[in-house]
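Number of protein chains: 2
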Amino acid sequence: MKPSKLREIEMSCTCFNLRKATRAVTAVFDDFLAASGLRGTQFTLLAALYQSETATVTRLSQALVMDRTTLTRNLKPLQDQGLVRVSPGEDRRTRALSLSAKGRRVFGKAVPLWEQAQKQVIASLGKTNWDGLMKHLHLTSERMNPY
Amino acid sequence: MKPSKLREIEMSCTCFNLRKATRAVTAVFDDFLAASGLRGTQFTLLAALYQSETATVTRLSQALVMDRTTLTRNLKPLQDQGLVRVSPGEDRRTRALSLSAKGRRVFGKAVPLWEQAQKQVIASLGKTNWDGLMKHLHLTSERMNPY
DNA sequence: TTAAAATAGGTGCATATACTCTTATTATGC
DNA sequence: GCATAATAAGAGTATATGCACCTATTTTAA
Numbered sequence: 001m002k003p004s005k006l007r008e009i010e011m012s013c014t015c016f017n018l019r020k021a022t023r024a025v026t027a028v029f030d031d032f033l034a035a036s037g038l039r040g041t042q043f044t045l046l047a048a049l050y051q052s053e054t055a056t057v058t059r060l061s062q063a064l065v066m067d068r069t070t071l072t073r074n075l076k077p078l079q080d081q082g083l084v085r086v087s088p089g090e091d092r093r094t095r096a097l098s099l100s101a102k103g104r105r106v107f108g109k110a111v112p113l114w115e116q117a118q119k120q121v122i123a124s125l126g127k128t129n130w131d132g133l134m135k136h137l138h139l140t141s142e143r144m145n146p147y
Numbered sequence: 148m149k150p151s152k153l154r155e156i157e158m159s160c161t162c163f164n165l166r167k168a169t170r171a172v173t174a175v176f177d178d179f180l181a182a183s184g185l186r187g188t189q190f191t192l193l194a195a196l197y198q199s200e201t202a203t204v205t206r207l208s209q210a211l212v213m214d215r216t217t218l219t220r221n222l223k224p225l226q227d228q229g230l231v232r233v234s235p236g237e238d239r240r241t242r243a244l245s246l247s248a249k250g251r252r253v254f255g256k257a258v259p260l261w262e263q264a265q266k267q268v269i270a271s272l273g274k275t276n277w278d279g280l281m282k283h284l285h286l287t288s289e290r291m292n293p294y
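Going down the list, the sequences are from chains X and A.
Per my numbering, residue 1 is the first one in the first sequence, and the count goes up by one each step.
Per my numbering, residue 148 is the first one in the second sequence, and the count goes up by one each step.
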């Protein structure tokens, strides 16, 4: 295998370059959100639960387009910190997910931090490039997902 | 907090949308590469090691722009499978990383599978959109990374 | 030359991701 | 009404990610 070929793989691999960019952006969000005690991923979960009256694990995982079992694990630390409550659902199979008062408080404090992170990322890229990035990310999620 | 605000967070969060797209694309690559026994991330590591004569953990982590300790953990299963060899380096501090014969063989078999995955992703997005995605990902990595 | 700083690397801990398998419960078809 | 399908969720296992901390070396500077 030629060296040029290998450089091409690194430059052109959609998976690698997505993961690399995700690592970088996640670090920015985690830094800004640190003061709230939340990670970027956790902020998303709280945001999704903030208004929902009817969240269950399966429904939420579908809404966020993530694996159900991944969501279960991601909810664990939020439960442990008392931010998310898990109560009996409509069914004896289902569990209702909701934010606790503390969860709402923490999320409320985190929103301005999230806005700062978002602002910094947009400023770093320039608005036009950021718009382009988001457009392509939305398209990618749409076209890839078998859901 | 208004529902519209929350929907906006989900639609506009750079971190969430990057992670979501990454999950989707990673699944495609992992599926195609499954026959080789490699994950997308592992394929990248083997590609980087394929030609390198002077790889060490730190140098490779810098080349791939990933945390050094993450790389250490990611190399572990490849070592265990006998694909990557770790030998004494120039220093008594450093360790030299290289592909074993088996590692080269497995990587060689995986390349066409990677090409299929890549082709499918490009086809799903359309070449123009894929070009746009990659351009924005490269830009994002450049602008975000403090390295 | 030797104490301090820099470098290379690993571990502990915690979270993020997802496949497979299992259990419990509900819904369906006959 | 009951056997079977489908649904909801958790556990086991494995990889991916990165911070804080630690050890072992090498380099540098006084």
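C-beta: ideal position from N, C-alpha, C; glycine also.
- prompt: Under 8 Å Cβ-Cβ, which residues of chain X neighbour glutamine 265 of chain A?
  reply: Position 118 of the second sequence, counted from the first residue, corresponds to residue 265 of chain A. Simply Ser12, Cys13, Thr14.
task: Please name the residue in X/Lys119, X/Ala24, X/Trp114, X/Arg7 whose C-alpha comes closest to that of leucine 46 of chain X.
output: Within the first sequence, the letter at position 46 stands for residue 46 of chain X. Comparing Cα positions, the closest option is X/Trp114.
message: So, with DSSP's three-state summary, where would you put arginine 242 of chain A?
response: For the purposes of this step, residue 242 of chain A is taken as the residue at position 95 of the second sequence. Here arginine 242 of chain A sits in strand by DSSP.
query: Does serine 100 of chain X have its Cβ less than 8 Å from a Cβ in chain A?
result: Against the first sequence, residue 100 of chain X aligns to sequence position 100. Chain A contact via Cβ: absent.
field: Contained alpha helix (DSSP H) runs [length at least 4] in the stretch 188 to 250 of chain A, N- to C-terminal order
entry: 204 to 211, 215 to 227
task: Mind checking the stretch 20 to 39 of chain X against chain A and listing, in chain order, the residues whose C-beta falls within less than 8 Å of any C-beta there?
output: Lys20, Ala21, Thr22, Arg23, Ala24, Val25, Thr26, Ala27, Val28, Phe29
Simplified DSSP state of glycine 108 of chain X, which is helix, strand or coil: Residue numbering aside, residue 108 of chain X sits at position 108 when the first sequence is read from its first letter. Reduced to three states, the DSSP call for glycine 108 of chain X is helix.
query: Who are the Cβ neighbours of glycine 250 of chain A in its own chain at under 7 Å, not counting the five residues just before and after it?
result: Translated into the one-based positions of the second sequence, residue 250 of chain A becomes position 103. The residues are Leu193, Leu230, Val231.
field: Inter-residue spacing [alpha-carbon to alpha-carbon] between glutamate 289 of chain A and isoleucine 122 of chain X
entry: What you label residue 289 of chain A is simply residue 142 of the second sequence in a count that begins at 1. What you label residue 122 of chain X is simply residue 122 of the first sequence in a count that begins at 1. The alpha-carbon atoms of glutamate 289 of chain A and isoleucine 122 of chain X are separated by roughly 14 Å.
- prompt: Starting from glycine 132 of chain X and walking both ways along the alpha helix (DSSP H), at which residues does that stretch end?
  reply: Locating residue 132 of chain X in the first sequence gives position 132, counting from the first residue. It spans 127 to 144 - the alpha helix (DSSP H) in which glycine 132 of chain X sits, taken as one unbroken run.
- prompt: Comparing the C-beta of arginine 290 of chain A with each C-beta of chain X, is any distance below 8 Å?
  reply: Residue mapping note: residue 290 of chain A aligns to position 143 of the second sequence, counting from 1. Answer yes: the Cβ-Cβ gap between arginine 290 of chain A and chain X drops below 8 Å somewhere.
- request: Take every Cβ of the stretch 72 to 91 of chain X, pair it with every Cβ of the stretch 14 to 28 of chain X, and state whether three or more of those distances are shorter than 8 Å.
  value: no
field: Nearest-angstrom beta carbon gap, serine 87 of chain X and leucine 71 of chain X [assumed within contact, 8 Å]
entry: As a position in the first sequence, residue 71 of chain X is number 71, starting the count at 1. As a position in the first sequence, residue 87 of chain X is number 87, starting the count at 1. About 17 Å; that fails the 8 Å criterion.
task: Take valine 28 of chain X and list the residues in its own chain whose beta-carbon comes closer than 7 Å to its own, dropping the five residues that flank it on each side.
output: By one-based count along the first sequence, residue 28 of chain X stands at place 28. Within the same chain, valine 28 of chain X has close Cβ partners Ala117, Gln120, Val121.
- prompt: When the cut-off is 8 Å and only beta carbons count, does valine 57 of chain X lie next to chain A?
  reply: Numbered from its first residue, the first sequence carries residue 57 of chain X at position 57. Chain A contact via Cβ: absent.
task: Report yes or no: is there a C-beta of chain X within less than 8 Å of the C-beta of asparagine 276 of chain A?
output: Here the question's residue 276 of chain A lines up with position 129 in the second sequence. Answer yes: the Cβ-Cβ gap between asparagine 276 of chain A and chain X drops below 8 Å somewhere.
query: Would you say the stretch 276 to 286 of chain A touches the stretch 122 to 142 of chain X, given that touching needs at least three Cβ pairs under 8 Å?
result: Counting C-beta pairs with one atom in each stretch, the stretch 276 to 286 of chain A and the stretch 122 to 142 of chain X have three or more that are closer than 8 Å, which means they touch.
field: DSSP state of leucine 165 of chain A mapped onto helix, strand, coil
entry: Sequence index remark: in the second sequence, residue 165 of chain A carries index 18 (1-based). Leucine 165 of chain A falls in the helix class under three-state DSSP.
message: Contact criterion: CB-CB distance below 8 Å. Does glycine 250 of chain A meet it with respect to chain X?
response: For this step, residue 250 of chain A is matched to residue 103 along the second sequence. Not closer than 8 Å to any Cβ of chain X, the Cβ of glycine 250 of chain A fails to qualify, so no.
message: I'd like the list of long-range same chain contacts for serine 98 of chain X, defined as Cβ closer than 6 Å, with 5 residues on each side in sequence excluded.
response: Locating residue 98 of chain X in the first sequence gives position 98, where the first residue counts as 1. Excluding sequence neighbours, serine 98 of chain X sits near Arg85.
query: If you run the structure through DSSP and keep just helix, strand and coil, what is tyrosine 294 of chain A?
result: Numbered from 1 along the second sequence, position 147 holds the residue referred to as residue 294 of chain A. Because the pLDDT of tyrosine 294 of chain A is 39, which lies under 50, any placement of that residue in the model is unreliable, and the number read from its coordinates should be weighed accordingly. In the structure shown, tyrosine 294 of chain A sits in coil (DSSP, three-state: anything other than H, G, I, E or B).
- prompt: In chain A, which residues lie less than 8 Å from serine 87 of chain X when you measure between Cβ atoms?
  reply: The sequence position of residue 87 of chain X within the first sequence is 87, counting from 1. Scanning chain A for C-beta atoms nearer than 8 Å to the C-beta of serine 87 of chain X yields nothing, as the closest lies near 21 Å away.
CA nearest to the CA of arginine 39 of chain X, picked from X/Phe107, X/Thr128, X/Leu139: In the first sequence, counting from the first residue as 1, residue 39 of chain X sits at position 39. Looking at the Cα atoms, X/Phe107 is the closest of the given residues.
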